[in-house]
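Participant: The numbers in full-length UniProt numbering rise by one with no breaks, and the one at position 455 of the sequence shown is 455. For glycine and all other residues, C-beta sits at the position ideal for the given N, C-alpha and C.
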Amino acid sequence: MMSYQVLARQWRPSTFSEVVGQQHVLQALSNALRHQRLHHAYLLSGTRGVGKTTIARILSRSLNCVTGITPNPCGECEACVQINEGRFVDLLEIDAASRTKVEDTREILENVQYRPTSGRYKVYLIDEVHMLSRHSFNALLKTLEEPPEHAIFLLATTEPDKLPVTVLSRCLQFNLRALTREEIAGQLSKVLSAESIPFEASALELLARAARGSMRDALSLTDQAIAQGDGQVNEQGVAMMLGRLDPRDNIALLNYLAQGQVDQALQHLRSLPDRMTDISDVLNELQNLLHQLALLQIAPNYLDSGLVKHQEGMQALAALLAPEQIQVWYRMVLEGRRELPLATDAFAAVEMTLLRLLTFRPVTASSLQTSAPASHGEPALPEPEPEPEPTLAEPEVAQQQPEQVAEQPVQAAPPTPPRMPAKPTPPPTALDEAELVQQQDAILQQASAQHVPAPSQPEPMVEPPAAAVEQPAATAEKVAEDPLASLLATRDLLAGTDSGATPPTPQASEPIPTTAEPTPRADSPPPKPEPAPEPQVLVPEHVHALQAPRAELTPQVREAADIDGWSASIAGIEPQGLVRQLLLHSNLKQQAGGYVLTIGSNKQTLWSPQTEQHLTNTLQQLIGDAPLTIEFGEVQNTPFMIQQEIDSYRLQLAASYVEQHDDIQALTAALELELVDGSIQPRD
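1. Determine, using beta-carbon pairs with one atom in the stretch 271-290 and one in the stretch 243-261, whether at least three such pairs fall under 8 Å.
2. Considering only the beta carbon of each residue, do R177 and G49 sit closer than 8 Å?
3. So the alpha helix (DSSP H) D662 belongs to, where does it begin and stop?
4. For D274, which residues in the same chain have their Cβ closer than 8 Å to its Cβ, ignoring the five residues on either side in sequence?
5. Identify every run of the alpha helix (DSSP H) within the stretch 631-666, keeping only runs that are complete inside it and at least 4 residues long; order them along the chain.
6. Three or more C-beta pairs under 8 Å: does that hold for the stretch 312-320 against the stretch 292-302?
7. Note the first and the last residue of the continuous alpha helix (DSSP H) segment covering I563.
8. Cα separation between I573 and W566?
9. Restricting to Cα atoms, I'd like to know which of E335, V167, G229, Q613 is closest to E146.
10. Terminal residues of the continuous alpha helix (DSSP H) containing L330?
11. Could you spell out where the beta strand (DSSP E) holding N596 opens and where it closes?
12. What's the gap between the Cα of V81 and the Cα of G75?
13. Quick test of the definition: if touching needs 3 or more C-beta pairs under 8 Å, does the stretch 32-41 touch the stretch 179-192?
14. With a cut-off of 8 Å on the beta carbons, I'd call T53 and D104 a contact; round off their distance for me.
15. Say whether chain B places a C-beta atom closer than 8 Å to the C-beta of L675.
16. Determine, using beta-carbon pairs with one atom in the stretch 6-14 and one in the stretch 210-224, whether at least three such pairs fall under 8 Å.
17. Within this structure, are the beta carbons of G51 and Q27 separated by less than 8 Å?
18. Can you list the alpha helix (DSSP H) stretches of 4 or more residues lying completely in the stretch 21-69, in chain order?
19. So for N587, helix, strand or coil by DSSP?
20. Between the Cα of I94 and the Cα atoms of R106, Y124, R87, P116, which residue gives the shortest distance?
21. Buried or exposed: N250, going by 16 or more other Cβ atoms within 10 Å of its Cβ?
22. Would you check if there are 3 or more beta carbon pairs closer than 8 Å linking the stretch 629-640 to the stretch 659-675?
23. Can you check whether the CB of P73 is closer than 8 Å to the CB of T117?
24. Please name the residue or residues paired with E93 in a DSSP beta bridge.
25. Between the stretch 223-231 and the stretch 324-332, do three or more beta carbon pairs fall short of 8 Å?
26. With DSSP as the reference, please indicate the residues paired to D175 in a beta bridge.
27. On the DSSP bridge list, what partners appear for L144?
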């Protein structure tokens with residue numbers, strides 16, 4: 001005869017105080033028993049092993065205890081003992097899964113009208129009530145509509161949505177929640193300590209995770225773990241029993257993927273089937289690890305306690321992977337899990353998912369800004385595609401002429417008054433040597449078409465037309481206020497030169513300077529181009545342009561970048577994720593010896609060392625290597641606030657337009673219509 005009793009039965013709660021969790025249900029039932037405000041039907045719903053039947057039995061003892069109706073039954077009287085032993089005559093436990101026929105239900109309900117034999121109430125405990133047939137529900141419904149005062153129905157189900165609404169409306173429904181891992185691990189620790197069984201806390205965490213909110217499953221797994229570990233519960237034995245990987249294996253596999261080491265990653269994957277019951281669990285482990293990495297980067301205090309001892313490896317991996325890459329990989333692993341049922345081989349599906357992680361990586365702004373330097377000794381060839389339009393983050397080109405110039409004025413009709421010399425502008429930095437040569441050739445061709453004699457000296461070069469000099473000079477004066485206007489003006493000048501359009505004929509009163517084309521020597525090597533600087537970099541000298549006064553709001557304004565320099569700079573560097581959110585709620589100011597970035601104090605909860613590093617790297621595209629100080633405080637006129645102001649302004653314009661439109665007002669009056677608040681939206 002078997003004398004051992006499994007832990008799930010041995011440690012089944014006998015009072016409300018022994019139940020783990022479910023305080024919202026226990027409190028309601030205790031108050032109802034204490035004040036004797038009893039309902040004739042209770043519905044307990046929840047997943048398996050959370051205490052539905054246990055709470056129903058405790059409620060039966062509370063109703064029939066000799067000491068009276070109480071939330072704390074004595075457990076010693078005849079009624080309590082018989083209910084514990086399952087032989088109380090007035091407690092009818094019915095398994096609806098095995099008695100689904102309407103005849104069975106009618107046979108049970110025929111005795112409802114008779115008073116209890118020995119107890120105070122006749123209790124009907126129907127487990128898995130959703131398994132009853134439609135006719136059985138109809139028979140039960142008649143009894144629930146007119147229940148006898150001595151009968152109480154306790155219904156338990158895992159799928160309350162399958163019950164007819166007519167039955168649900170006649171019951172007090174209590175939803176039991178799944179237990180947390182901390183609650184399960186705490187109860188397992190209490191049970192094993194009372195049983196004098198050695199255990200490791202990390203092993204209990206694995207059991208609690210595998211139970212998935214069910215205390216009964218956790219106790220059953222604990223029985224199995226005790227047998228696996230020969231009378232003790234240790235992490236290694238539990239991991240082997242559950243077929244789970246060691247966290248070090250998961251970190252190593254993800255580290256290979258992050259570094260792009262294909263051979264090591266695939267070899268590591270092929271070594272796992274011997275240690276796992278199901279190879280598809282690799283994707284589950286990777287998904288959990290990516291989730292913990294995302295938490296470690298954004299909210300490190302919420303890291304899973306089971307990974308605390310592996311925090312060093314997690315920190316190294318979190319520094320290796322960008323936040324956006326973790327999000328992309330998490331989505332790919334999730335898609336890989338969804339594709340498992342469609343794959344012919346689980347191992348092939350897992351391997352294909354890992355290859356997908358190695359292949360697809362998110363494109364960042366830094367990867368788009370990298371450019372290969374020109375090879376030494378070879379001239380840089382122009383791209384065949386047309387020159388793209390510059391953005392705010394591109395270097396400013398104020399003048400398309402070499403540094404060495406020589407004045408060669410051509411004699412013309414009456415002389416003009418002396419002019420003030422134009423302000424010197426910085427040399428070109430974004431155009432390579434080949435593009436400059438092409439522009440010089442185009443200017444010479446235009447001068448020849450206007451019958452302008454070229455100078456005889458081949459080497460010195462003179463100024464381009466005065467109009468072309470005045471425009472960049474005048475534009476350069478406004479660089480500090482509006483760098484975007486300077487770039488657009490330069491683009492228009494280059495577009496006119498490249499397309500071969502004939503510039504306007506200068507007035508007779510102005511001299512027409514020309515540019516002499518240098519005669520290249522046959523034996524001279526081609527000029528060595530200077531290394532092209534990285535595009536989309538705003539040099540530190542121009543950062544003060546970001547602090548220019550904001551432009552006025554007009555109906556044409558759509559984005560904050562249209563009127564605010566700091567907003568336009570953020571749009572130019574295209575930050576991603578958390579860095580973008582912080583920049584949209586910040587202001588950048590120049591102070592003595594560096595720059596200060598002030599972020600709204602309400603965003604301080606998003607701050608972490610990893611975020612600071614990403615933010616600093618992003619701002620280097622604007623300020624270079626200049627010192628940067630980041631602080632939190634009250635900010636005004638941030639890009640986010642400006643965009644909200646623009647949206648509100650446009651909404652007011654739209655509402656004003658509707659109110660003042662004659663046709664709309666006439667239609668409203670004719671049909672007696674009323675304008676719905678909030679229905680007006682500005683058009684883009």
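Facilitator: In short, the structure shows the following:
1. yes
2. One-based indexing of the sequence shown puts residue 177 at position 177. One-based indexing of the sequence shown puts residue 49 at position 49. Contact flag unset, no.
3. The residue labelled residue 662 in the question sits at position 662 within the sequence shown. Here the alpha helix (DSSP H) through D662 covers 662-671.
4. Walking along the sequence shown from the start, residue 274 turns up at place 274. Cβ within range, chain order: n/a, list empty.
5. 639-660
6. For the pair of segments examined, the stretch 312-320 was found to touch the stretch 292-302: the number of CB pairs separated by less than 8 Å reaches three.
7. Within the sequence shown, numbered from 1, the residue matching residue 563 stands at position 563. That residue, I563, is in no alpha helix (DSSP H); it is neither H nor E in DSSP.
8. Residue 573 sits at position 573 when you count from the first residue of the sequence shown. Residue 566 sits at position 566 when you count from the first residue of the sequence shown. I573 and W566: Cα-Cα distance of roughly 11 Å.
9. The residue given as residue 146 occupies position 146 in the sequence shown. For E146, the nearest C-alpha among the options comes from V167.
10. Position 330 of the sequence shown, counted from the start, is the residue given in the question as residue 330. Before going further, note that residue 330 is Tyr rather than Leu in the sequence given. 323-339 is the extent of the alpha helix (DSSP H) around Y330.
11. Reading the sequence shown from its first residue, position 596 is the one you call residue 596. Note that residue 596 is Val in the sequence shown here, rather than Asn. Start and end: 594-600.
12. Walking along the sequence shown from the start, residue 81 turns up at place 81. Walking along the sequence shown from the start, residue 75 turns up at place 75. Straight-line Cα distance between these residues: approximately 6 Å.
13. With the cut-off at 8 Å, the stretch 32-41 and the stretch 179-192 do not touch.
14. Within the sequence shown, the letter at position 53 stands for residue 53. Within the sequence shown, the letter at position 104 stands for residue 104. Actually they are not in contact, since the Cβ atoms of T53 and D104 sit about 19 Å apart, beyond 8 Å.
15. Of the protein chains in this structure there is only one, and it is not chain B.
16. yes
17. In the sequence shown, the residue the question calls residue 51 occupies position 51. In the sequence shown, the residue the question calls residue 27 occupies position 27. Cβ atoms of G51 and Q27: not closer than 8 Å.
18. 23-35, 52-64
19. Residue numbering aside, residue 587 sits at position 587 when the sequence shown is read from its first letter. The answer is strand: DSSP assigns N587 an E or B state.
20. On the sequence shown, residue 94 is found 94 positions in, with the first residue counted as 1. Checking every option, the nearest Cα to that of I94 belongs to Y124.
21. Locating residue 250 in the sequence shown gives position 250, counting from the first residue. Result: buried.
22. no
23. Stepping through the sequence shown from its first residue, residue 117 is reached at position 117. Stepping through the sequence shown from its first residue, residue 73 is reached at position 73. Not a contact, by the Cβ cut-off of 8 Å.
24. Residue 93 sits at position 93 when you count from the first residue of the sequence shown. Note: E93 sits in a beta bridge opposite L125.
25. no
26. Here residue 175 is taken as the residue at index 175 of the sequence shown, counted from 1. One point to set straight first is that residue 175 is Asn, not Asp, in the sequence displayed. According to DSSP, which records beta bridges pairwise, N175 is partnered with S45.
27. For the purposes of this step, residue 144 is identified with residue 144 of the sequence shown, where counting begins at 1. Note: L144 sits in no beta bridge, so no partner.
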